[in-house]
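Asks: One structure follows; several queries about it will come next.
There are 2 protein chains.
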Amino acid sequence: MNQIIGKRISSDVILGVGDDAAAIKTNPECTQLVSSDSQVEGTHFNLDWIEPVSLGKRAISVSFSDIAAMGGTAKYSVVSLVLPNNLTLEFFQKLFSGIRQQTEYFDSQVIGGNISSGSDKLIIDITILGEVKRELLVSRSNAKVGDHIYVTGMLGNGVAGLELLRYHGLKYPSKYKNIVDSYLNPTARMKVGGNIARSKYATSMIDLSDGLSSDLGHICTNSKVGAEISYDLLPKDRLLNEIHSKSPEELKRIILHGGDCYELLFTVNPDVPIDLIKSISKESGVKLTRIGYVTPKERGIILIDAKKNRETLKPLGWNHFSE
Amino acid sequence: MNQIIGKRISSDVILGVGDDAAAIKTNPECTQLVSSDSQVEGTHFNLDWIEPVSLGKRAISVSFSDIAAMGGTAKYSVVSLVLPNNLTLEFFQKLFSGIRQQTEYFDSQVIGGNISSGSDKLIIDITILGEVKRELLVSRSNAKVGDHIYVTGMLGNGVAGLELLRYHGLKYPSKYKNIVDSYLNPTARMKVGGNIARSKYATSMIDLSDGLSSDLGHICTNSKVGAEISYDLLPKDRLLNEIHSKSPEELKRIILHGGDCYELLFTVNPDVPIDLIKSISKESGVKLTRIGYVTPKERGIILIDAKKNRETLKPLGWNHFSE
Numbered sequence: 001m002n003q004i005i006g007k008r009i010s011s012d013v014i015l016g017v018g019d020d021a022a023a024i025k026t027n028p029e030c031t032q033l034v035s036s037d038s039q040v041e042g043t044h045f046n047l048d049w050i051e052p053v054s055l056g057k058r059a060i061s062v063s064f065s066d067i068a069a070m071g072g073t074a075k076y077s078v079v080s081l082v083l084p085n086n087l088t089l090e091f092f093q094k095l096f097s098g099i100r101q102q103t104e105y106f107d108s109q110v111i112g113g114n115i116s117s118g119s120d121k122l123i124i125d126i127t128i129l130g131e132v133k134r135e136l137l138v139s140r141s142n143a144k145v146g147d148h149i150y151v152t153g154m155l156g157n158g159v160a161g162l163e164l165l166r167y168h169g170l171k172y173p174s175k176y177k178n179i180v181d182s183y184l185n186p187t188a189r190m191k192v193g194g195n196i197a198r199s200k201y202a203t204s205m206i207d208l209s210d211g212l213s214s215d216l217g218h219i220c221t222n223s224k225v226g227a228e229i230s231y232d233l234l235p236k237d238r239l240l241n242e243i244h245s246k247s248p249e250e251l252k253r254i255i256l257h258g259g260d261c262y263e264l265l266f267t268v269n270p271d272v273p274i275d276l277i278k279s280i281s282k283e284s285g286v287k288l289t290r291i292g293y294v295t296p297k298e299r300g301i302i303l304i305d306a307k308k309n310r311e312t313l314k315p316l317g318w319n320h321f322s323e
Numbered sequence: 001m002n003q004i005i006g007k008r009i010s011s012d013v014i015l016g017v018g019d020d021a022a023a024i025k026t027n028p029e030c031t032q033l034v035s036s037d038s039q040v041e042g043t044h045f046n047l048d049w050i051e052p053v054s055l056g057k058r059a060i061s062v063s064f065s066d067i068a069a070m071g072g073t074a075k076y077s078v079v080s081l082v083l084p085n086n087l088t089l090e091f092f093q094k095l096f097s098g099i100r101q102q103t104e105y106f107d108s109q110v111i112g113g114n115i116s117s118g119s120d121k122l123i124i125d126i127t128i129l130g131e132v133k134r135e136l137l138v139s140r141s142n143a144k145v146g147d148h149i150y151v152t153g154m155l156g157n158g159v160a161g162l163e164l165l166r167y168h169g170l171k172y173p174s175k176y177k178n179i180v181d182s183y184l185n186p187t188a189r190m191k192v193g194g195n196i197a198r199s200k201y202a203t204s205m206i207d208l209s210d211g212l213s214s215d216l217g218h219i220c221t222n223s224k225v226g227a228e229i230s231y232d233l234l235p236k237d238r239l240l241n242e243i244h245s246k247s248p249e250e251l252k253r254i255i256l257h258g259g260d261c262y263e264l265l266f267t268v269n270p271d272v273p274i275d276l277i278k279s280i281s282k283e284s285g286v287k288l289t290r291i292g293y294v295t296p297k298e299r300g301i302i303l304i305d306a307k308k309n310r311e312t313l314k315p316l317g318w319n320h321f322s323e
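The listed protein sequences derive, respectively, from chains D and A. Residues in the first sequence are numbered from 1 upward in steps of one, following this note's numbering. Residues in the second sequence are numbered from 1 upward in steps of one, following this note's numbering.
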């Protein structure tokens, strides 16, 4: 593993890959952030339509997204791989090259890992260590009644890209390349997440990896609040309308419940000047859209649909033991 | 996951399970240690002969062993599970109960994790965060020519226990219970590892999870030295002799190359008084055995066998891409 990872050791890394454990000097001015994410062949990706380099880059972005959602900076990755017996060394080297490229893109470093065999599926499990100044940490727990709810970027593109790949493989219509790229190369919102945190105006933040309905639900549960959002306000790529022109219900499902989305949702006090939101958006190069507001807990989570009807928005995200 | 893990939050844990990432206050006086280990059904365990509680406890001990090998203390665990679709909630709860019991036994805490599905095999991937005072950190890299080589406990019991389970299932002869327990409930050598580190006499240390030949090889490679060890000096359970009375070559293979061993190997300067070694052994309640000494690199790694013949000891540990 040593040779493949390379040795880009920062002065805070006392021991990197190649001992029983990595040894690092932590930053006493910061709170450490720790998160892990797994990508399972067949569930999260299919080797028929994702190249190993892309797969490695994607696995890192997906994991880094959790650190972005706390307003933090990713520092170190620990990469555990379970490899099927038929996987070639060439595939592994390309996969690891993608992991390393994306890690370095975010000025971060692989410090450890583990390789096992014996599964029929390729499994990539990445633990990220990040950091954030204590006073800038944004959790899921402090959204207040009346706060405005914002999201970054566009909703639904990730899962729409995944569905295009599942249906067409790599022969999807070329005009949908950006949609497919949202799945293949999701952008961990490190920069805008950091800028939102530094503004000190966000009361809560989360990434939308489980889908809008589930993740807004997590904010509401943890903050003990309700929410009201409007379907018409949700930022949607016009190509999604085109793909689902004959199935508006399917489009709605994708936008509201689709996972594989690495945009951020955050809440801010309604007194925050709109110019501040605009300047965060401009500095980060990311669209920020207000989609609703926080309500008292007893009102639940309400969606105002396209016809101005009010409906309860139930979380339909993934839960292994939901049944 | 929240409910199952419980909420035993130390004051250093700002956010535990239930946000995008855990947030912890690190100890500015210590170097942080980070390690991960995977347990794959069929490769590392078989559900026919390991109960879910034992499996959870074992997964933690195996992971903590890497922190012990640095002389450190384990603080936090991040638990990633990939669950087969047919796995029951009851099994999962028992598995997690074992993980939690063993984590708390070592005065440590689960702070995060991730659950995925889609594999045919149960996979448990655990990342451990530990700590050690900077001046007490023991790596693999500082063994010096002339140093004495010691191991803790007995060699070969883990893999011998695994082989008994593979052959007999849970109906193995009861007199071999201790051998089987070495596999089912390995003891992470946290206490003796910490005591060895605090003595400041160890020049290098490693756990024997890949087997003696491989792990002594790692020490020699990282420290740029050779080694000479004597087969007769290696600590062996007398029951292993009994099990393999008709196959001394098989016994030798188990002792020299068998993995699933969570004993520690360490090197110390030859001037270290034997009374100090004895006092570490006594305080830790763990047998310490001198098995050989460190030689110049060009002499390679030599085994003096039972008939006093010298042979080169080749590492035969596991390597996914060894062929």
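By construction, the Cβ of each residue, glycine as well, lies at the ideal position given by its N, Cα and C atoms. Owing to the predicted nature of the structure, the values given are computational and were not obtained by experimental measurement.
Identify whether A:Ala-59 lies in helix, strand or coil by the three-state DSSP scheme.
Replies: Residue state, collapsed to three classes: helix.
Asks: Give, in chain order, every residue of the region 60-71 of chain A whose Cβ lies closer than 9 Å to some Cβ of chain D.
Replies: Ser-65, Asp-66, Ile-67, Ala-68, Ala-69 and Met-70
Asks: Could you tell me if D:Gln-101 is buried or exposed, where buried requires 16 or more neighbouring beta carbons within 10 angstroms of its beta carbon?
Replies: exposed
Asks: Compare the C-beta of D:Asp-120 with all C-beta atoms of chain A and state if any pair is closer than 8 Å.
Replies: yes
Asks: Rounded to the nearest angstrom, how far is the Cβ of A:Leu-256 from that of A:Leu-212, given a contact under 8 Å?
Replies: For a cut-off of 8 Å, the C-beta gap from A:Leu-256 to A:Leu-212 is around 5 Å, short enough to register as a contact.
Asks: Please list the residues of the region 9-29 of chain A that have a C-beta atom closer than 9 Å to any C-beta atom in chain D, keeping them in chain order.
Replies: Ile-14, Leu-15, Gly-18, Asp-19, Asp-20, Ala-21, Ala-22, Ala-23, Ile-24, Lys-25, Thr-26, Asn-27 and Pro-28
Asks: Quick check on D:Cys-411: does DSSP put it in helix, strand or coil?
Replies: For chain D, the structure presents residues 1 to 323; residue 411 of chain D sits outside this window and is missing.
Asks: D:Gly-193 and D:Ala-68: beta carbons closer than 8 Å?
Replies: yes
Asks: Check whether chain D comes within 8 Å of A:Asn-114, counting only Cβ atoms and requiring the distance to be less than that.
Replies: Cβ-Cβ to chain D under 8 Å: yes for A:Asn-114.
Asks: Between which two residues does the beta strand (DSSP E) harbouring A:His-148 extend?
Replies: 148-152
Asks: How many whole angstroms separate the CB atoms of A:Gly-153 and A:Lys-287, which I take to be in contact at a CB cut-off of 8 Å?
Replies: With a Cβ gap of about 6 Å, A:Gly-153 and A:Lys-287 count as contacting.
Asks: Does the region 112-125 of chain D come close enough to the region 76-88 of chain D to have 3 or more Cβ pairs within less than 8 Å?
Replies: yes
Asks: State the Cα-Cα distance for the pair D:Asn-2 and A:Thr-31, rounded to the nearest angstrom.
Replies: Because D:Asn-2 sits at a pLDDT of 49, beneath the cut-off of 50, its placement in the model cannot be relied upon, and the following sentence gives the value as read from the coordinates. Those two C-alpha atoms are separated by around 21 Å.
Asks: DSSP state of A:Thr-289, grouped into three classes?
Replies: Strand.
Asks: Please state whether the Cβ-Cβ distance between A:Asp-147 and D:Asp-20 is less than 8 Å.
Replies: No, the Cβ-Cβ distance between A:Asp-147 and D:Asp-20 is not below 8 Å.
Asks: Using the Cα positions of D:Ile-60 and A:Lys-94, report the straight-line distance between them to the nearest angstrom.
Replies: 31 Å
Asks: Under 8 Å between C-beta atoms, does D:Ile-124 make it to chain A?
Replies: D:Ile-124 does not count as touching chain A.
Asks: Would you say A:Ile-229 faces chain D, with C-beta separation under 8 Å as the test?
Replies: no
Asks: Per the contact definition of three or more C-beta pairs closer than 8 Å, is the region 38-45 of chain D in contact with the region 132-148 of chain D?
Replies: no
Asks: Taking the C-alpha atoms as reference points, what is the distance between A:Asp-107 and A:Ser-117?
Replies: 30 Å
Asks: In chain D, which residues lie with their C-beta within 8 Å of the C-beta of A:Arg-140?
Replies: Gly-18, Asp-19 and Asp-20
Asks: Tell me, please, whether the CB atom of A:Val-159 is closer than 8 Å to any CB atom in chain D?
Replies: no
Asks: Span of the alpha helix (DSSP H) holding A:Met-70?
Replies: Neither: A:Met-70 is in no alpha helix (DSSP H) and is coded neither H nor E.
Asks: Should D:Asn-85 be labelled buried (16 or more other beta-carbon atoms within 10 Å of its own) or exposed?
Replies: exposed
Asks: Across which residues does DSSP place D:Ala-227 in a beta bridge pair?
Replies: Under DSSP, D:Ala-227 shares a beta bridge with D:Val-294 and D:Ile-301.
Asks: Assign A:Pro-315 to one of two classes, buried (16 or more other C-beta atoms within 10 Å of its C-beta) or exposed (fewer than that).
Replies: buried
Asks: For D:Tyr-201, which of D:Thr-267, D:Arg-189 and D:Gly-72 has the nearest alpha-carbon?
Replies: D:Thr-267
Asks: Going by the CB atoms, is the gap between D:Thr-295 and D:Gly-217 shorter than 8 Å?
Replies: no
Asks: Against chain D, does A:Gly-194 count as a neighbour if the rule is that its beta carbon must be under 8 Å from one of theirs?
Replies: no
Asks: Given that D:Gly-169 touches chain A, what residues does it touch there, using C-beta distances under 7 Å?
Replies: By Cβ distance, chain A contributes nothing, its closest Cβ being about 19 Å from D:Gly-169, past 7 Å.
Asks: Determine the extent of the beta strand (DSSP E) in which D:Asp-125 is found, giving its start and end residues.
Replies: For D:Asp-125, the uninterrupted beta strand (DSSP E) segment begins and ends at 123-133.
Asks: By the 7 Å beta-carbon criterion, what residues does the region 28-44 of chain A contribute toward chain D?
Replies: The region 28-44 of chain A vs chain D, Cβ under 7 Å: Pro-28, Thr-31, Gln-32, Leu-33, Val-34, Ser-35, Ser-36, Asp-37, Ser-38, Val-40, Gly-42 and Thr-43.
Asks: Hey, out of A:Phe-91, A:Leu-251 and A:Arg-134, whose CA is closest to A:Lys-236's CA?
Replies: A:Leu-251
Asks: Which residue's Cα is closest to the Cα of D:Gly-18: A:Ser-247, A:Leu-264, A:Ala-188 and A:Ser-139?
Replies: A:Ser-139
Asks: Run down chain A in chain order and give the residues with a C-beta less than 7 Å from the C-beta of D:Asp-207.
Replies: Listed along chain A are Asp-20, each with a C-beta nearer than 7 Å to that of D:Asp-207.
Asks: Given this structure, state the Cα-to-Cα distance separating D:Ala-306 from D:Ile-219, to the nearest angstrom.
Replies: 24 Å
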